[in-house]
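Novice: My structure is below; once you've seen it, I'll send some questions.
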Amino acid sequence: MRGDRMSKAPRTAISPTREENYPEWYQQVIRAADLAENSPVRGCMVIKPWGYQLWENVQRALDDMFKATGHQNAYFPLFIPMSYLEKEAEHVDGFAKECAVVTHHRLEPDPDGGLRPAGKLEEPLIVRPTSETIIGATYAKWVQSYRDLPILINQWANVVRWEMRTRMFLRTAEFLWQEGHTVHATSEEAVEETEKMVEVYRDFAENWMAMPVIVGSKTPLERFPGAVETLSIEAMMQDRKALQAGTSHFLGQNFSKAQEIKFQSESGDIEFAWTTSWGVSTRLIGALIMTHSDDDGLVLPPRLAPTHVVIQPIYKDDSRAEVMEYVQSLRDELAAQTYANAPVRVTIDDRDIRGGEKKWYHVKRGVPIRLEVGPKDMAAGTVFCGIRNQPKSVGIDRAELVATIGEKLATLQQELFDAALKMREDNTVELKSEAEFRDFFADKGDTAITGGFAWCHYSDEDSLQPLLKELKVTIRCVPRTDNATEGTCFLTGKPAAQRAIFAKAY
RNA sequence: CGGGAUGUGGCUCAGCCUGGUUAGAGCGCUGCACUGGGGGUGCAGAGGUCGCAAGUUCGAAUCUUGUCAUCCCGACCA
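Residue numbering for the first sequence follows this note's numbering, beginning at -5 and increasing consecutively.
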């Protein structure tokens, strides 16, 4: 539209656009939507109310699902004795480099008028990067008999991983998550638990976040340190990179042997138990942003949106009272409706700021439905309705709106999922040769969005490493479904029994 | 830890190369007015001593040295 150049306002609310500079767009969406900001501590972020409400909705939904699958919540310490980490060799290798270490327990004045650490600890404590070890040590005391099993516990907590490079929500030094830790009498039961929980994650990602995911197994090199098998859900972001959104680990007897989680079986033998762990983090918020948001800001799936509907009264001084009254009754009627078995969440924004500014405020924050109601609408019995994934607002009969509000939210939820799925399918290919592989993942410019998901047969993970490293591609997972075909390795030509998804990843 | 860059009002930055009166802009913020289905217009304001330290100089945001911090690119990662 040429006319737009006349006005000062940018054509999109977020600048740059996804096409122009995706990483910067991501940062700007977070800022514009008021989700979070950087803190004085490097790599740590302040999650602001709008962002935290999103996380609370994530927590609530998942927590219900955990409870429904028989789990209970508990809480374990933030600090872990360093010796605990040393017990599981692979685990140490995986996390040692990124641990924050507490070595002192007191501060005292130093000669320069500042403070310095004093009271050196006998044994350093690490700030948990994950809690397998300390929970395992605790479980070892709880488990004596097969009658004590299974143990099905989850904790909601913060963890710290001292990363070199951080990005808001996707990788921060401190992040919020949940970690489930279970103990079972048999391998089969633990495997079943691992699979059950990755399925919970898939269900949540697809039905709450409207984010299609691929469920698969990690290859040995990509596995969680110390795990026998790692299952994950992988999603494609709008820049076609993959994001691991949740993991569920079958830990075999590795941790129970290291932590001595033993029990006496029905037959009287002493056996090591079988454990699992599974988690998702605030990274899901990053996934949500990168799956649905557009160049006007955040787009929220209704099931997780803190507010479903915001009503914006339009009035001049002389019509204020009647418009407000009308709008309040509309709010009450809408709030009496239900969506996804819960009341519709409606708010009125009657702040004394200009209408346009107010409109964009809510667009950028991703509110699913905006309603504008002024004297003209009152006279006509209509409301002006803008749905976040639709470019234009439309007038709609008031009674009809109230009657169909739940339906509209459900439609939006579905459309967001469908669009994300289409995005993934349009950018998923099958590659059969190194030339195809190189071409698909080649860098085509600084900000150009390229690549996607590639299905490839492969025979041996190690032999692929030089190529993968060169192109910055990783094996995301060996998908659980659509994977039965036999073929030949795209690189070596050797026979290959399985295919994996290859992609650049966060 | 290697390579590159930057530190000036709340935010984004200009000024620095070619040192010189009260350090600028846009956005944001405060107030008033006009507006009022659209992130508008006008007027009036608040707010910085230029990361820190030392040095050169009659004089430094501008030059020198040191230092701290941050950011980007690599090796590592939910």
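Idealized CB from N, CA, C, for every residue including glycine.
At 3 residues or longer, and completely inside the segment 384 to 446: list those beta strand (DSSP E) runs for me, N to C.
Specialist: Taking only runs of at least 3 residues, the beta strand (DSSP E) segments lying wholly in the segment 384 to 446 are 388 to 391 and 422 to 424.
Novice: Quick check on LEU143: does DSSP put it in helix, strand or coil?
Specialist: Coil.
Novice: Does the beta-carbon distance from ILE305 to LEU403 come in below 8 Å?
Specialist: Not closer than 8 Å, so no.
Novice: Determine which residues share a DSSP beta bridge with GLY174 and list them.
Specialist: ASN148 and TRP272.
Novice: So, for LEU395: in the same chain, excluding its five sequence neighbours on each side, which residues have a beta-carbon less than 7 Å away from its beta-carbon?
Specialist: For LEU395, where only same-chain residues beyond five positions count, the Cβ hits under 7 Å are VAL377 and CYS379.
Novice: Measuring only the C-alpha atoms, how far is GLU187 from ASP346?
Specialist: GLU187 and ASP346: Cα-Cα distance of roughly 53 Å.
Novice: Please go through the segment 26 to 68 and give each complete beta strand (DSSP E) segment of 3 or more residues, from N-terminal end onward.
Specialist: Within the segment 26 to 68, the complete beta strand (DSSP E) runs of at least 3 residues are 30 to 32 and 39 to 41.
Novice: Does DSSP classify VAL472 as helix, strand or coil?
Specialist: Strand, per DSSP.
Novice: From ASP58 to GLY280, what distance separates their C-alpha atoms?
Specialist: Taking the straight line from one Cα to the other gives about 22 Å.
Novice: Measure from the alpha carbon of ALA413 to the alpha carbon of each residue in SER323, MET203 and LYS352, then state which is nearest.
Specialist: When each option's Cα is compared against that of ALA413, the closest is MET203.
Novice: On the DSSP bridge list, what partners appear for ARG110?
Specialist: Bridge partners of ARG110: GLU102.
Novice: Around the Cβ of PRO144, are there at least 16 other Cβ atoms within 10 angstroms (buried) or fewer (exposed)?
Specialist: Label assigned to PRO144: buried.
Novice: Are the beta-carbon atoms belonging to ALA221 and LEU245 less than 8 Å from one another?
Specialist: A contact, by the Cβ cut-off of 8 Å.
Novice: Give every residue of the same chain whose Cβ lies closer than 6 Å to the Cβ of THR269, excluding the five residues on either side of it in the sequence, and list them in chain order.
Specialist: Within the same chain, THR269 has close Cβ partners VAL177, LEU245, PHE249 and SER250.
Novice: Helix, strand or coil: how does DSSP classify TYR16 here?
Specialist: Helix.
Novice: Where does GLU82 sit, in a helix, a strand or coil, going by DSSP?
Specialist: In this structure, GLU82 counts as coil in the three-state DSSP scheme.
Novice: Note the first and the last residue of the continuous beta strand (DSSP E) segment covering PHE266.
Specialist: Looking at the DSSP string, the run of the beta strand (DSSP E) that includes PHE266 is 264 to 266.
Novice: Quick one: measure Cβ to Cβ for PRO123 and VAL154, integer angstroms, because I've assumed they're closer than 8 Å.
Specialist: Their Cβ separation, rounded to whole angstroms, is 6 Å, which keeps PRO123 and VAL154 in contact under 8 Å.
Novice: Restricting to Cα atoms, I'd like to know which of CYS450, TYR20 and MET205 is closest to ASN487.
Specialist: Correcting the residue identity first, residue 487 is Gly in this sequence and not Asn. The option with the nearest alpha carbon to GLY487 is CYS450.
Novice: Bridge partners of TRP449, per DSSP?
Specialist: The partner list for TRP449 (beta bridge, DSSP) reads GLU424 and ILE495.
Novice: Specify, as a first and last residue, the run of the beta strand (DSSP E) that ILE206 falls within.
Specialist: Looking at the sequence provided, one finds Pro at residue 206 rather than Ile. Note, PRO206: premise wrong, no beta strand (DSSP E); not H, not E.
Novice: Applying the criterion that 16 or more other CB atoms from any shown protein chain within 10 Å of the CB defines a buried residue, is TRP136 buried or exposed?
Specialist: It is exposed - the Cβ of TRP136 has fewer than 16 other Cβ atoms within 10 Å.
Novice: With a threshold of 16 other CB atoms inside 10 Å of the CB of ASP263, please say whether the residue is buried or exposed.
Specialist: Under this definition ASP263 is an exposed residue.
Novice: Just to confirm, is the Cβ distance from GLU189 to LEU146 under 8 Å?
Specialist: No, Cβ-Cβ distance for GLU189 and LEU146 is not below 8 Å.
Novice: Alpha carbon to alpha carbon, how far is SER453 from LEU485?
Specialist: Rounded to whole angstroms, SER453 to LEU485 spans 9 Å at the Cα level.
Novice: Taking the alpha-carbon positions, what's the GLU351 to LYS358 distance?
Specialist: Computed Cα separation, rounded: 11 Å.
Novice: In its own chain, which residues sit with a C-beta less than 7 Å from the C-beta of GLN407, not counting the 5 before and 5 after it?
Specialist: Closer than 7 Å at the Cβ level, and outside the excluded window around GLN407, lie ALA204, PRO295, PRO296 and ARG297.
Novice: Starting from MET230, follow its DSSP beta bridges and name the residues at the other end.
Specialist: Partner(s): ALA236.
Novice: Do PHE70 and ILE128 have their C-beta atoms closer together than 8 Å?
Specialist: A contact, by the Cβ cut-off of 8 Å.
Novice: In angstroms, rounded to a whole number, what distance separates the CA positions of ARG165 and SER275?
Specialist: Cα to Cα, the separation comes out at about 10 Å.
Novice: The beta strand (DSSP E) that contains PHE257, what's its start and end?
Specialist: Unbroken beta strand (DSSP E) run through PHE257: 256 to 258.
Novice: Classify PHE89 as helix, strand or coil using the three-state DSSP reduction.
Specialist: Helix at PHE89.
Novice: Can ILE227 and VAL185 be called in contact, C-beta distance under 8 Å?
Specialist: Not in contact: ILE227 and VAL185 (Cβ atoms no closer than 8 Å).
Novice: So, ILE399 versus GLN331, is the Cβ gap smaller than 8 Å?
Specialist: Result yes, Cβ atoms of ILE399 and GLN331 sit closer than 8 Å.
Novice: Quick check on this structure: which residue in ALA131, LEU425 and ASN32 has the alpha carbon closest to the alpha carbon of GLU254?
Specialist: Ranking the options by Cα distance to GLU254, first place goes to ALA131.
Novice: Assign TYR500 to one of three DSSP states: helix, strand, or coil.
Specialist: DSSP places TYR500 in coil when its eight states are reduced to three.
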